[in-house]
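One structure below.
2 protein chains.
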Amino acid sequence: MALRMSTLFLRTLREDPADAELPGHKLLVRAGYIRRVAPGIYTWLPLGMQVLGKVEAIVREEMNRIGSQEVKFPALLPREPYDATGRWTEYGDNLFRLKDRKDADMLLGPTHEEMFCLTVKDLYSSYKDLPLALFQIQNKYRDEARPRAGILRGREFIMKDSYSFDVDRAGLQKSYDAHREAYIRIFNRFGFEYVIVKADSGAMGGSASEEFLAVSPHGEDTFVRDESGYAANVEAVEIAQAPEVEVTAGPAHVEPTPDTPTIETLVAALNKDHPRADGREWTAADTLKNVIVMLVHPDGTREPLAIGLPGDREVDAKRLEVKVAPAEVEAFEEKDFASYPMLAKGYIGPGVLGEEKASKIRYLLDPSVAVGSAWVTGADEHGKHVIDLVHGRDFTADGTIQAAEIREGDASPTGHGTLKLARGIEMGHIFQLGTKYAEALGLKVLDENGKLVTVTMGSYGVGVTRAVGAIAEDNLDDIGLIWPRNVAPADVHVVATGKDESVFVKAEEIVRELEAAGVEVLFDDRRKVSPGVKFKDSELIGVPTIVVIGRGLADGKVEIKDRRSGDRREIAVDDVVAEVTREIGEESEATL
Amino acid sequence: MALRMSTLFLRTLREDPADAELPGHKLLVRAGYIRRVAPGIYTWLPLGMQVLGKVEAIVREEMNRIGSQEVKFPALLPREPYDATGRWTEYGDNLFRLKDRKDADMLLGPTHEEMFCLTVKDLYSSYKDLPLALFQIQNKYRDEARPRAGILRGREFIMKDSYSFDVDRAGLQKSYDAHREAYIRIFNRFGFEYVIVKADSGAMGGSASEEFLAVSPHGEDTFVRDESGYAANVEAVEIAQAPEVEVTAGPAHVEPTPDTPTIETLVAALNKDHPRADGREWTAADTLKNVIVMLVHPDGTREPLAIGLPGDREVDAKRLEVKVAPAEVEAFEEKDFASYPMLAKGYIGPGVLGEEKASKIRYLLDPSVAVGSAWVTGADEHGKHVIDLVHGRDFTADGTIQAAEIREGDASPTGHGTLKLARGIEMGHIFQLGTKYAEALGLKVLDENGKLVTVTMGSYGVGVTRAVGAIAEDNLDDIGLIWPRNVAPADVHVVATGKDESVFVKAEEIVRELEAAGVEVLFDDRRKVSPGVKFKDSELIGVPTIVVIGRGLADGKVEIKDRRSGDRREIAVDDVVAEVTREIGEESEATL
Numbered sequence: 005m006a007l008r009m010s011t012l013f014l015r016t017l018r019e020d021p022a023d024a025e026l027p028g029h030k031l032l033v034r035a036g037y038i039r040r041v042a043p044g045i046y047t048w049l050p051l052g053m054q055v056l057g058k059v060e061a062i063v064r065e066e067m068n069r070i071g072s073q074e075v076k077f078p079a080l081l082p083r084e085p086y087d088a089t090g091r092w093t094e095y096g097d098n099l100f101r102l103k104d105r106k107d108a109d110m111l112l113g114p115t116h117e118e119m120f121c122l123t124v125k126d127l128y129s130s131y132k133d134l135p136l137a138l139f140q141i142q143n144k145y146r147d148e149a150r151p152r153a154g155i156l157r158g159r160e161f162i163m164k165d166s167y168s169f170d171v172d173r174a175g176l177q178k179s180y181d182a183h184r185e186a187y188i189r190i191f192n193r194f195g196f197e198y199v200i201v202k203a204d205s206g207a208m209g210g211s212a213s214e215e216f217l218a219v220s221p222h223g224e225d226t227f228v229r230d231e232s233g234y235a236a237n238v239e240a241v242e243i244a245q246a247p248e249v250e251v252t253a254g255p256a257h258v259e260p261t262p263d264t265p266t267i268e269t270l271v272a273a274l275n276k277d278h279p280r281a282d283g284r285e286w287t288a289a290d291t292l293k294n295v296i297v298m299l300v301h302p303d304g305t306r307e308p309l310a311i312g313l314p315g316d317r318e319v320d321a322k323r324l325e326v327k328v329a330p331a332e333v334e335a336f337e338e339k340d341f342a343s344y345p346m347l348a349k350g351y352i353g354p355g356v357l358g359e360e361k362a363s364k365i366r367y368l369l370d371p372s373v374a375v376g377s378a379w380v381t382g383a384d385e386h387g388k389h390v391i392d393l394v395h396g397r398d399f400t401a402d403g404t405i406q407a408a409e410i411r412e413g414d415a416s417p418t419g420h421g422t423l424k425l426a427r428g429i430e431m432g433h434i435f436q437l438g439t440k441y442a443e444a445l446g447l448k449v450l451d452e453n454g455k456l457v458t459v460t461m462g463s464y465g466v467g468v469t470r471a472v473g474a475i476a477e478d479n480l481d482d483i484g485l486i487w488p489r490n491v492a493p494a495d496v497h498v499v500a501t502g503k504d505e506s507v508f509v510k511a512e513e514i515v516r517e518l519e520a521a522g523v524e525v526l527f528d529d530r531r532k533v534s535p536g537v538k539f540k541d542s543e544l545i546g547v548p549t550i551v552v553i554g555r556g557l558a559d560g561k562v563e564i565k566d567r568r569s570g571d572r573r574e575i576a577v578d579d580v581v582a583e584v585t586r587e588i589g590e591e592s593e594a595t596l
Numbered sequence: 005m006a007l008r009m010s011t012l013f014l015r016t017l018r019e020d021p022a023d024a025e026l027p028g029h030k031l032l033v034r035a036g037y038i039r040r041v042a043p044g045i046y047t048w049l050p051l052g053m054q055v056l057g058k059v060e061a062i063v064r065e066e067m068n069r070i071g072s073q074e075v076k077f078p079a080l081l082p083r084e085p086y087d088a089t090g091r092w093t094e095y096g097d098n099l100f101r102l103k104d105r106k107d108a109d110m111l112l113g114p115t116h117e118e119m120f121c122l123t124v125k126d127l128y129s130s131y132k133d134l135p136l137a138l139f140q141i142q143n144k145y146r147d148e149a150r151p152r153a154g155i156l157r158g159r160e161f162i163m164k165d166s167y168s169f170d171v172d173r174a175g176l177q178k179s180y181d182a183h184r185e186a187y188i189r190i191f192n193r194f195g196f197e198y199v200i201v202k203a204d205s206g207a208m209g210g211s212a213s214e215e216f217l218a219v220s221p222h223g224e225d226t227f228v229r230d231e232s233g234y235a236a237n238v239e240a241v242e243i244a245q246a247p248e249v250e251v252t253a254g255p256a257h258v259e260p261t262p263d264t265p266t267i268e269t270l271v272a273a274l275n276k277d278h279p280r281a282d283g284r285e286w287t288a289a290d291t292l293k294n295v296i297v298m299l300v301h302p303d304g305t306r307e308p309l310a311i312g313l314p315g316d317r318e319v320d321a322k323r324l325e326v327k328v329a330p331a332e333v334e335a336f337e338e339k340d341f342a343s344y345p346m347l348a349k350g351y352i353g354p355g356v357l358g359e360e361k362a363s364k365i366r367y368l369l370d371p372s373v374a375v376g377s378a379w380v381t382g383a384d385e386h387g388k389h390v391i392d393l394v395h396g397r398d399f400t401a402d403g404t405i406q407a408a409e410i411r412e413g414d415a416s417p418t419g420h421g422t423l424k425l426a427r428g429i430e431m432g433h434i435f436q437l438g439t440k441y442a443e444a445l446g447l448k449v450l451d452e453n454g455k456l457v458t459v460t461m462g463s464y465g466v467g468v469t470r471a472v473g474a475i476a477e478d479n480l481d482d483i484g485l486i487w488p489r490n491v492a493p494a495d496v497h498v499v500a501t502g503k504d505e506s507v508f509v510k511a512e513e514i515v516r517e518l519e520a521a522g523v524e525v526l527f528d529d530r531r532k533v534s535p536g537v538k539f540k541d542s543e544l545i546g547v548p549t550i551v552v553i554g555r556g557l558a559d560g561k562v563e564i565k566d567r568r569s570g571d572r573r574e575i576a577v578d579d580v581v582a583e584v585t586r587e588i589g590e591e592s593e594a595t596l
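Sequence order for the protein chains is A and B.
Just so you know, we're using my numbering here: the first sequence kicks off at 5 and counts up by one.
Just so you know, we're using my numbering here: the second sequence kicks off at 5 and counts up by one.
Right, here's the structure in full:
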């Protein structure tokens, strides 16, 4: 049945909502798709339900196609399984925790690895039962510190999560590949530009993982690409260890550098007071910056960490976070300095850093710091730096860490040219979990030889509500949304205009014919609304094809308009059904 | 695509699960439809998803048919709207409450009147926007003290909740009637015996309400019927006030009745020591029992309440609960007696009860206690009762209360014969809410005269997961489930048996043909499972039509079996598709 604007629960807004930042989010609210209830928590109105239904159907079809079976786990879960894997604690403040009337600890599921693992353990016991792939489409909960951009990062959101179970790594690889292919089909059908990037597994654990990012300037994720097709989330970029170089520097020497607590002031002072013998200018890249942060472990213990990196780079907060997870990163504050009197703030050097040194603070170096290279760095005394301190000769560290910022133009880790940076919205994430969860929860099966083996798992997620948000951000113009055909709330928006009742009678007839031909219609049948308002609404709502029935009807003509291109043309009223079905057919093919 | 037993995520159990009480619940677990995660919290396995999908589709279709529009509100909600209506407190321990990372109070929605009301207030402002009906199918949460019978009373469950919005009571009546008709269609399609009973609105507020009960000995609700078609939940039965009678008793007189703290001991003592002049035996019905309970109001204050009723009746806990809601009922304990020394336990009488009497305890009488009737009741002194105490002459109360038990054979309140009692499972509940929520939340629209009027609401619920449970309890035998056609996990269960590969090849072909004819197939294609196990599984799972392909195939025969009747007959293999589609067609018609 056609959605009729005369009765549709909808009130389009001419003004942008105060609580929306991104253009797509503003339009979703203005056009009556969604409505905010609380930060990161949204209601789906009838038009939004149409789009959500299309997106869910695409995901479900592609999951069924690879033989994944649909189930539905509860969202409200007991604590115990999440304790067994440590995630009850590791999730930190992101987990919604609550107590029931009997004071039992419960949580709102952020993702369901534990629960699927336990159910498979309950029901299955043999390698003959595997491989197995299960999925659900369900509400998930994460108490985000910064819920963002409407449905792009909500605190309650719909996710499709799948889990695969195999006896060995080869099986996991097959399951992973099948899901990867299914995801490619899903995102192709959604109709937006995306990129598959290597990703860090983060708190999920496991070995390999990839993200599907919708390419968007509004994305929260930064990714890199090179000419060879390599693409990775910045968190997952692995800079190669710089090869050892021959030592050419003379002996290290401490120099007075008063009032140089920053790299900028240090470089200026070096060039003024300590010019190099060969006349080259000192730059920030010649200095070794030592950054101290405080790690807070899930059990609450605090541990400082020192990171040494070239002075022309910053530590990238996200790269650092994933490297130290499940610990969280906090600033190293004045009061912390008070507990470490050997740290001369602004002049900290490798002399006191390291587990074996005075501070006992773990010291990790950026891999670009080559053994044999010479640096200007802090001399652990206020107002003094040391020049020509050589890595491997004069100092060592406890290891390396991939936490420095990645920049446009950096050499690609593949060796193929340089990196380009772009932003994306994470739409899907696939993980080779391996045995982490199965081991923690004791999921084993008998193999062909009657030996118990731990099951190997994969986990795979698509943000369903987020997909709607991402599609909206990528498909709009100044006046409204422009839905890709496959996820549009209707195939065609029929707009009847004017005060002539015969127009509405004819429009009703056309709507009936379109529906008989299997076309989904949004029908603007409102009697007392001006054509101008109706056109504005149709542009705002963004159904891809708009048919206007009005004055031209006297001459047997109606107007057919393409929302994306803006092209409009008159066609004979008798051709409407044929023209509309042709357009739908063409576009559907084009997106496959 | 057929569900194939060889890969289906399913392990049927031969033993009853320890945590299940009712036969349908046991079978749902044994046949692999659902699985318990925590008390009142269940996972839906692939077979369960099939049934759930059918039930949801029926509900959705019938809601769409009456023009109700689908939306989806969050399950995780802010506290404020529920504070405005008082339900944050009134729900007591049944509400799951939690705090987010910013310490804001939130809840898991038990039902969404407040949220729908606020959204309509946000978007609509004129009588022209009404009537409006909205619905959602969504997870609901109630922290039941006694989660029961699997999915019949869960703590997380799926509900279809609808809300109607009208300018006046006449509009509400129309919306209510439309929903009532839709519910009749829904429950007819589910295919079980149900009854529509008058109900008490309870904590929901509002004026009229009716429940749809599945008639079942396992039901938690007791309802009454009389010959005239009247049916009511016991909580909603309104006993008429007994008409005044002429006083025939002499003056009241206090008599010693030592050691008679119970009605039974009292009646024995009366007949022994205080026989009546006319020789009639004393019975419990001649005594007036005064029961004291403690009401706990939502704000925590405690208030005793005294109920006077004939000694041959008990107070019905559920009837009392709905009459005193939102207060909760607790026992009046020894320590409470200590605070009321004028109450002689076992001998309490109207002499001290009532707001104006010594105890100041509110005193309410059962409506069967006629003005003018004489009673034996406590004399407020240990070991003493008063005889011939006449209502209206010797004592009065503060009012009446409908809280006495209803018994099979009681006179019907309609005046048509006597009441019959039965049990039922509440499947749907429809409420004429009136303006309670709209007033609390300020939902008003301009009427035709430009005057602001408060919107009149209705609310309507169907327990979707509960429906699956109720259908299961009503459709089973000793060996398994027997699904009604409309909600069965498949139309036909094709069982291929034996070791002859040609049987499986032919079975595959038949399955393909059935699917081409639009028939949903569950296909037992397992190679190494005995026919006996396959037959047991098919009986346990309960698909209404079973086709067995095996040895008879050599003679061109297969067996077709009706799960409900147990009838089985051989048919020609070439007739399978025609026979199966005929059976499906007949039954589908029969249930409409």
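Just so you know, even glycine gets a beta-carbon here, dropped at the ideal spot from N, CA and C.
Below-9 Å beta-carbon distance, residue i vs any chain B residue
i                      : result
residue 126 of chain A : yes
residue 93 of chain A  : no
residue 143 of chain A : yes
residue 519 of chain A : no
residue 149 of chain A : yes
residue 310 of chain A : no
residue 47 of chain A  : yes
residue 80 of chain A  : yes
residue 71 of chain A  : yes
Length of the line joining the Cα atoms of residue i and residue j
i                      : j                      : result
residue 348 of chain B : residue 380 of chain B : 16 Å
residue 219 of chain A : residue 119 of chain A : 33 Å
residue 443 of chain B : residue 121 of chain B : 10 Å
residue 136 of chain A : residue 459 of chain A : 11 Å
residue 576 of chain B : residue 433 of chain A : 51 Å
residue 517 of chain A : residue 154 of chain A : 38 Å
Own chain partners of residue i with C-beta closer than 7 Å, once the 5 adjacent residues on each side are dropped
i                      : result
residue 593 of chain B : Bear in mind that the predicted position of residue 593 of chain B carries a pLDDT of just 49, short of 50, making it too unreliable to give a figure here.
residue 451 of chain A : 131, 171, 457
Closer than 9 Å to chain A by CB, residue i
i                      : result
residue 76 of chain B  : yes
residue 444 of chain B : no
residue 346 of chain B : no
Cβ shell of residue i (< 6 Å), same chain only, five flanking positions each side left out
i                      : result
residue 292 of chain B : 312, 379, 381
residue 75 of chain B  : 138, 140
residue 297 of chain B : 309, 333, 336
Nonlocal neighbours in the same chain, by C-beta distance under 8 Å from residue i, ignoring five residues either side
i                      : result
residue 103 of chain A : 109, 110
Q: With 8 Å as the limit, tell me which residues of the segment 146-171 of chain B have their beta carbon closer than that to any beta carbon of chain A; keep them in chain order.
A: Within the segment 146-171 of chain B, the residues whose Cβ lies closer than 8 Å to some Cβ of chain A are 147, 149, 159, 160, listed in chain order.
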